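Chains as they are written, first to last, in the numbering used here: chain A, 75 to 288; chain B, 75 to 288.
Report on the structure given below.
2 protein chains.
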Amino acid sequence: MTTGMPLLLTVEIAPFTICAERLAVLLVRQAATWRLPGGPVGCQDDLDDAARRHLAQQTGLSGIYLEQLYTFGAPGRSSGQRAVAVAYYALVRAGYSLAESVLASGETRWVAVDEMPHLALDHADIVALAQRRLAAKLAYSTIALQLLPEDFTLSQLQAVHEIILGEVLDKRNFRKRILALDCIEVTGEMARRHGHRPARLFRAKCPGQVDFIK
Amino acid sequence: MTTGMPLLLTVEIAPFTICAERLAVLLVRQAATWRLPGGPVGCQDDLDDAARRHLAQQTGLSGIYLEQLYTFGAPGRSSGQRAVAVAYYALVRAGYSLAESVLASGETRWVAVDEMPHLALDHADIVALAQRRLAAKLAYSTIALQLLPEDFTLSQLQAVHEIILGEVLDKRNFRKRILALDCIEVTGEMARRHGHRPARLFRAKCPGQVDFIK
DNA sequence: ACAAAAGTGTTTTTGTTACACCCATGT
DNA sequence: ACATGGGTGTAACAAAAACACTTTTGT
């Protein structure tokens with residue numbers, strides 16, 4: 075085994091949320107270009123910890139779902155020093171408020187995935203890959219619950235699926251399928267939004283946990 | 075962005091094959107312990123290229139299916155210098171003959187996954203994760219074809235599935251399902267093994283390519 | 001009263017599972 | 001002739017898809 079080499083290892087995180095009925099990713103501006111939050115992996119950092127640390131420092135996000143995605147290491151991906159990036163994606167519950175201090179600067183903002191500006195390096199590839207992974211996971215896990223607040227309605231959950239999949243789903247079939255999974259339960263509370271019948275609120279039986287199904 | 079840091083990046087590859095009706099992984103011996111082939115990522119290497127290079131150098135394997143699996147970076151995973159490993163798995167077609175020079179040394183051998191010795195570092199985790207990924211991929215891709223020679227019988231393909239899944243499958247249902255995928259075709263040739271009716275040989279319509287199905 | 005979203009079952013279609021016998025060859 | 005694996009179809013069942021109307025609230 076040889077000794078160290080001049081190679082930079084970074085983590086880059088694509089944080090997703092549902093915002094204004096669309097899937098959005100959180101970008102930070104650096105100099106003139108937009109990029110994903112992230113940065114170098116410290117010498118004593120676990121990779122996941124490094125990702126959480128940079129995410130918290132650059133965006134204030136913490137305590138959210140985070141999953142390793144893929145490691146990008148093409149020699150040409152960064153100009154200058156050779157950099158290898160361990161890419162992650164993260165899920166932020168709808169309605170999560172970023173700290174004023176973070177948003178006010180204008181250096182950090184949610185951008186709908188179909189309206190993204192040009193991103194630094196290969197960050198657009200990371201977002202595209204994460205989006206595909208997320209869509210695939212809807213079919214065999216309870217991951218969508220990570221994009222909703224603790225209490226939510228079935229219509230909200232259906233909307234999350236529809237937005238990510240980009241197609242409309244049948245309400246009755248959707249509800250039947252979700253309830254059969256036995257991963258959510260009624261709270262007894264009602265969501266009273268205006269102008270129509272109130273909806274029952276549900277919550278995850280195992281919040282914070284993403285289960286595989288079937 | 076900071077400059078380089080004393081952090082070692084390696085690739086580690088779990089090469090699988092079907093050997094004597096079992097799933098086996100290729101191990102190399104280093105000092106007193108067995109480990110997966112792999113080694114440091116050079117400064118100009120693409121990650122995939124680094125994996126292929128180490129694999130070729132240490133085992134003689136080349137031109138085989140290779141897929142990135144996961145990146146392992148817990149600070150305690152290596153003693154001494156901090157090392158981050160980009161893990162891969164590779165698939166070697168049954169019957170592939172390793173070069174005499176490689177095998178003769180006794181430093182390199184196929185080991186059934188359920189009879190593995192203690193492995194260096196977290197290499198046992200890599201093998202376990204790769205094995206799960208491989209089993210999962212059988213359900214939604216044509217990946218099993220990468221473990222068979224160019225021409226093969228349906229019984230051989232079924233055996234690959236059964237060995238990886240660890241369960242027996244119904245012959246008629248299996249054949250129906252596989253043929254419905256329309257990813258293999260008859261060659262017209264027959265496999266004449268001894269003592270029974272010859273089997274039709276098939277080959278992949280897109281050899282070397284792993285398609286997603288359904 | 002009306003607009004707007006919530007809630008609710010049945011039928012049809014599709015895919016999956018279970019299952020047993022004859023065939024072609026080598027010995 | 002027998003042993004060995006190769007090859008084949010159908011019926012039962014389960015899962016997924018299609019489909020429309022009533023309910024409850026706010027205005």
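Yeah, the Cβ is synthetic: ideal placement off N, Cα and C, and Gly gets one too.
Given the structure is predicted, the values throughout are model-derived calculations rather than measurements.
Which residues DSSP lists as bridging residue i, in chain order
i               : result
E141 of chain B : B:Y163
R206 of chain A : In DSSP, R206 of chain A forms no bridge with anything.
S171 of chain B : Answer by DSSP bridge pairing: none, since S171 of chain B is not bridged.
V185 of chain B : B:V99
D225 of chain B : B:R277
S179 of chain B : In the DSSP output, where bridge partners are listed per residue, S179 of chain B has none listed.
S215 of chain B : B:F286
A233 of chain B : DSSP, once it has assigned bridges, lists no residue as partnering A233 of chain B.
A157 of chain B : B:L82
L193 of chain B : B:W108
Sequence-distant residues of its chain with Cβ nearer than 8 Å to residue i (five each side left out)
i               : result
C257 of chain A : T216, L219, A278, K279, C280, D285, I287
R267 of chain B : A273
R151 of chain A : A157, A159, L195, D196
L203 of chain A : L143, Y144, A161
V102 of chain A : W108, R109, L110, P111, Q132, T133, E181, T182
L121 of chain A : V85, V115, Q142, V160
G169 of chain B : P223
L193 of chain B : L101, T107, W108, R109, L110, V201
V166 of chain B : P89, F90, T91, L100, L135, I138, L221
V260 of chain A : R274, L275, F276
A291 of chain B : Because chain B spans 75 through 288 in this model, residue 291 of chain B falls outside it and cannot be assessed.
R96 of chain B  : A186, V187, D188, I237
S175 of chain A : G134
Contacts around residue i, its chain only, beta-carbon distance under 6 Å, and the 5 residues preceding and following it disregarded
i               : result
P191 of chain B : W108
L83 of chain A  : V115, V158
S136 of chain A : A130
R249 of chain B : L228
L255 of chain B : I287
A173 of chain A : G134
Q155 of chain A : L82
W184 of chain A : C93, A98, L100
D244 of chain A : none
Whole-Å CB distance - residue i paired with residue j, under 8 Å assumed
i               : j               : result
L143 of chain A : A161 of chain A : 4 Å
V201 of chain B : A130 of chain B : The pair is not a contact, with the Cβ atoms about 20 Å apart (cut-off 8 Å).
A198 of chain B : A98 of chain B  : That pair is no contact at about 15 Å.
Q118 of chain A : P149 of chain B : 5 Å
E57 of chain A  : D225 of chain A : This structure cannot settle anything about residue 57 of chain A, because the visible part of chain A is limited to 75 through 288.
7 Å Cβ shell around residue i - same chain, five flanking residues per side excluded
i               : result
M75 of chain A  : Low per-residue confidence applies at M75 of chain A: pLDDT is 43, beneath 50, and the placement is therefore not dependable enough to give any value.
A265 of chain B : T227, P272, A273, L275
Y214 of chain A : F286, I287, K288
A105 of chain B : none
T77 of chain B  : Because the pLDDT at T77 of chain B is just 44, under 50, the model does not fix this residue reliably, and the point stays unresolved.
Exercise. What are the uninterrupted segments assigned as beta strand (DSSP E) that are 3 or more residues long and contained completely in the stretch 86 to 136 of chain A, given in chain order?
Worked result: Correct list: 96 to 104, 107 to 109, 112 to 114.
Exercise. Is it true that the stretch 200 to 215 of chain B meets the stretch 234 to 249 of chain B, where meeting means three or more beta-carbon pairs spaced less than 8 Å apart?
Worked result: At 8 Å Cβ cutoff, the stretches touch.
Exercise. Which ranges does the beta strand (DSSP E) cover as unbroken runs of at least 3 residues, wholly within the stretch 247 to 279 of chain A, from first to last along the chain?
Worked result: For the stretch 247 to 279 of chain A, the continuous beta strand (DSSP E) assignments of 3+ residues that do not extend past its boundaries occur at 258 to 265, 273 to 278, in sequence order.
Exercise. Are at least three pairs of beta-carbons, each pair with one atom in the stretch 109 to 124 of chain A and one in the stretch 225 to 234 of chain A, less than 8 Å apart?
Worked result: Taking a contact to require three or more Cβ pairs closer than 8 Å, the stretch 109 to 124 of chain A and the stretch 225 to 234 of chain A do not qualify as touching.
Exercise. Is there contact here, the stretch 120 to 138 of chain B with the stretch 91 to 111 of chain A, by at least three beta-carbon pairs under 8 Å?
Worked result: Contact fails: fewer than three Cβ-Cβ distances are below 8 Å.
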